[in-house]
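Protein sequences, first through last, are from chains A and B. If you read the first sequence in this note's numbering, its first letter stands for residue 5, the second for the next number, and so on. If you read the second sequence in this note's numbering, its first letter stands for residue -12, the second for the next number, and so on. Before any comments, here is the structure.
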Amino acid sequence: MARMRYAEALRDALRSEMLRDDKVVLYGEDIGIYGGVFKVTRDLQAEFGDLRVRDTPISEQAMTYMCVGAAISGLKPVLEIMYADFLPLTLDALINQASVLPYLWPVRVPMVIRTQGGGGSGAGAQHSKSLDALVAHIPGIKVVSPVTPADAKGMLTAAIRDPNPVVFLEHKLLYNTSGEVPDGEHVVELGKAHILREGSDVTLIANSKMVLEAEKAAEDLAKRGISAEVIDLRSLRPLDTDTIVASVKKTSRAVVINEGWRFGGFGAEVAATITEQAFEYLDAPVCRIGGFDRPIPYSQPLEAAVLPDAEKIIAGVLAMDGRAG
Amino acid sequence: MADAASSAVIGRNAPDPELLLDMFGKMILVRQMEERLGELHKQGRTRGPIHRCDGQEAVGIAGTAPLRASDTVTSTHRGHAHYIGKGLDPHRVVAEIFGRVTGYSRGKAGHMLIADVEQGMIGGNAIVGAGIPLALGQALAHQLHGRGDVAVTFFGDGAAQAGICHEAMNMAGLWKLPIVFICEHNEYGLTAHARYQSAVEDLVIRAAGYNMPGVKIDGNDVLQVYETVGEAVERARAGEGPTFIEAKTYRLVGFSTSDMGGYQPQAEIDAWRPRDPILRTRKLLLELTGEERIRKTEEEAITACDKAFELALSDPLPDASEADVPEFVGAH
Ligand SMILES: Cc1ncc(C[n+]2csc(CCOP(=O)(O)OP(=O)(O)O)c2C)c(N)n1
């Protein structure tokens, strides 16, 4: 085990997989000499050359189509889309090609789109979004969002080896967080949620940076005598419904937290799943905490108002419990 | 005294010394503003990076000077010169960058998305290339309204590679829309040099493919920018369709204030420094108006900048409840 930053853990996975398999190639804007704006691909071009680590023009749609084509023809492209806000430019390739062709033809599309989203840094309405629900809506595409450095490494390794297209969601406020990361080969199976904290009164289900907020909320709730179980979804699609449902059967209450917009958001999918599979165990309706349904404003007090955080999670728990105010 | 000299340097369609002085003052204001923003960023007082256009001021200022308020402009993430050139109030620009209620969007938009509909600035954009098709739509409206208004869109050489740029240019050529495409070719996208982004060095040759005139100019020459854009705007007003202007320029500082640098060779920066449009315009003005008027203009620009920051930094932040306003409801 070594202590590592999230960004380094991702780089470790990319480098190991490139050493292991020469079909793994990286594309993206400014990923070469500059090493990516979040430094995940630092020095990889120097090590692997500019055919395997390649700067692209600002052409997200063409880049994504290109990766679909390359994957069909035997490469394993890992594409960096600088901000999740630009995912809409890739959606046609995902919705109409990557997810469709392997269903119709005897082809595989083993590609990964790495991108980062999330608010909290004042990056404004076009650089702060969480579009998890948008990509998770597409059948045939895996969508994952690791929160720890260990998962960052293990899940990126699994994503690269996966024969399907995977959208790999990072968060801009996670790159500098650090944690213990297993040395050598480390693979975390995609599609498995992780119980981070055991509890008996309420289940907090979150992904990406919201897991950290859920943990904070759980600490606080413990002081108030409420025992919260915290589940890190890790993978949105496939969704580990077994872990979620088993937990809710135990606690009888669920709060689902996702940073993306609440309306039609990913939390709704989880809430509906719980209602379908554990309705008779629930003591209260499932509570959804999500991003405020507005573009993300820039000014600090406004941005703080629209993003979910520990405080809002606590308020949600207390309200569903009838213990508020 | 200046008349003989001015007719020698300034050709048809060119600004008179007063206009040149005005553009000079605006370039100084933009430079000052960005330097101050850079310092405040270092002190940790800005949210997010600041995209400075040091060295590119001539394109933004002279490229907007021939326009009237009803002409529309779309800008980029690097819009300060476009904003000031189009007549925006520096105080409200700075206030927006600091997220204050007096900013153009009461702090909602921030440093990359500034707009002022009344001045025809609609607006900055943080999605690379997005301003181009938005301007296409504005041009469509101008064509329909028949008032002779023109849409101008500024974009970088990086944005010129986006598919949407090609699609928009084709439609503009096809429908003879009143639009002027101004590419600020500053040699870099974010950190990647144009040679890694474009198959051709001079983007202007693409104009032929869209059946519109293409003009390559020295983007650091205020007069050339003013004249070329002026002519393109006249053509558009007259219903003769779009023009593609490729203004060769250079950004003397990093991509943004959070740029770690290292990708722009020092020799390249040094070679461009003497071509700084502010220095060049100053030299030109020396012959036309003399040192005293220049000094006065410089002082006025600096004072205007001081005042903008002083006001903006003492303005309040919006109340959290404003996040709930469903849509922007006009100037405040
Ligand atoms: C669609 C999209 N892709 C990528 C980015 C990230 N990005 C912001 S600015 C930039 C480079 C833009 O280069 P250019 O158009 O030449 O403008 P310059 O910065 O040189 O003024 C990139 C890649 C973005 N904002 N939008």
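Cβ coordinates follow ideal geometry from the N, Cα and C atoms, glycine included.
{"Asked": "Straight-line Cα distance separating Gly97 (chain B) from Val240 (chain B)", "Found": "21 Å"}
{"Asked": "For Glu280 (chain A), the three-state DSSP class (helix, strand or coil)", "Found": "helix"}
{"Asked": "Contacts that Ala234 (chain B) makes with chain A (C-beta to C-beta distance below 9 Å)", "Found": "Going along chain A, no residue has its Cβ under 9 Å from Ala234 (chain B), so there is no contact; the nearest lies around 19 Å."}
{"Asked": "Ala226 (chain A) versus Lys27 (chain A): straight-line alpha-carbon distance, rounded", "Found": "49 Å"}
{"Asked": "Rounded straight-line distance, which links the Cα of Val111 (chain A) to that of Ala154 (chain A)", "Found": "32 Å"}
{"Asked": "Under 9 Å (Cβ pairs) to chain A, residues found in the region 97 to 118 of chain B", "Found": "Gly97, His98, Met99, Leu100, Asn112, Ala113, Ile114, Val115, Gly116 and Ala117"}
{"Asked": "The region 231 to 238 of chain B / the region 202 to 215 of chain B touching (three or more Cβ pairs under 8 Å)", "Found": "yes"}
{"Asked": "Sequence-distant residues of its chain with Cβ nearer than 8 Å to Glu307 (chain A) (five each side left out)", "Found": "Gly123, Gly124, Gly126, Ser132, Ile300 and Pro301"}
{"Asked": "Cβ distance (whole Å) where Cys40 (chain B) is taken to contact Ala68 (chain B) below 8 Å", "Found": "5 Å"}
{"Asked": "Reduced DSSP secondary structure (H/G/I, E/B, other) of Thr140 (chain B)", "Found": "strand"}
{"Asked": "Ile164 (chain A) vs Val82 (chain A) beta-carbon contact at 8 Å", "Found": "yes"}
{"Asked": "Near-chain A residues of the region 259 to 277 of chain B - C-beta to any C-beta below 7 Å", "Found": "none"}
{"Asked": "Run of the beta strand (DSSP E) containing Glu171 (chain B), from where it starts to where it stops", "Found": "Ile166 to His172"}
{"Asked": "Cβ of Thr296 (chain A) within 8 Å of any chain B Cβ", "Found": "Residue identity differs from the one stated: residue 296 (chain A) is Phe in this sequence, not Thr. Yes, because at least one Cβ of chain B sits closer than 8 Å to the Cβ of Phe296 (chain A)."}
{"Asked": "Cβ neighbour criterion (16 or more within 10 Å) applied to Glu44 (chain B)", "Found": "buried"}
{"Asked": "Within 8 Å, strictly: CB atoms of Ala88 (chain A) and Thr119 (chain A)", "Found": "yes"}
{"Asked": "Cα-Cα separation between Ala314 (chain A) and Val260 (chain A), rounded to whole angstroms", "Found": "12 Å"}
{"Asked": "Asp246 (chain A) at chain B interface by Cβ criterion, 8 Å", "Found": "no"}
{"Asked": "Residues that Asp302 (chain B) contacts on chain A, provided the C-beta gap is smaller than 8 Å", "Found": "Under the 8 Å cutoff, chain A gives no residues; its nearest Cβ is about 11 Å from Asp302 (chain B)."}
{"Asked": "Span separating the alpha-carbon of Ser308 (chain B) from that of Val310 (chain A)", "Found": "10 Å"}
{"Asked": "Simplified DSSP assignment, three categories, for Ile84 (chain B)", "Found": "helix"}
{"Asked": "Expected contact under 8 Å - CB spacing of Asp166 (chain A) and Pro114 (chain A) to nearest Å", "Found": "7 Å"}
{"Asked": "Ligand 1 heavy atom lying under 7 Å from the CB of His64 (chain B)", "Found": "yes"}
{"Asked": "Reduced DSSP category for Glu21 (chain B) - H, G, I as helix; E, B as strand; rest coil", "Found": "helix"}
{"Asked": "Any chain A beta carbon closer than 8 Å to Leu127 (chain B)", "Found": "no"}
{"Asked": "As assigned by DSSP and simplified to three states, the class of Trp109 (chain A)", "Found": "coil"}
{"Asked": "Val111 (chain A) Cβ short of 7 Å to ligand 1 heavy atom set", "Found": "no"}
{"Asked": "Inter-residue Cα distance where the pair is Gly217 (chain B) and Leu54 (chain B)", "Found": "8 Å"}
{"Asked": "Contact the region 140 to 147 of chain B vs the region 171 to 178 of chain B: 3+ CB pairs below 8 Å", "Found": "yes"}
{"Asked": "For Leu240 (chain A), the first and last residue of its enclosing beta strand (DSSP E)", "Found": "Ser239 to Arg241"}
{"Asked": "beta-carbon Tyr175 (chain B) near ligand 1 non-hydrogen atom, thresh 7 Å", "Found": "yes"}
{"Asked": "Given 8 Å, three or more beta-carbon pairs between the region 56 to 71 of chain A and the region 30 to 40 of chain A", "Found": "yes"}
{"Asked": "Contact residues within the region 301 to 314 of chain A, judged by C-beta distance below 9 Å to chain B", "Found": "Pro301, Tyr302, Ser303, Gln304, Pro305, Leu306, Glu307, Ala308, Ala309 and Val310"}
{"Asked": "Same chain, Cβ closer than 7 Å to Lys13 (chain B), neighbours up to 5 away in sequence not counted", "Found": "Ile48, Ile71 and Gly72"}
{"Asked": "Alpha carbon of Val252 (chain A) to alpha carbon of Asp224 (chain A), nearest angstrom", "Found": "20 Å"}
{"Asked": "Proximity below 8 Å, CB of Gly102 (chain A) to CB of Pro169 (chain A)", "Found": "The residue asked about is misnamed: residue 102 (chain A) is Ala in this sequence, not Gly. For Ala102 (chain A) and Pro169 (chain A), yes; Cβs fall inside 8 Å."}
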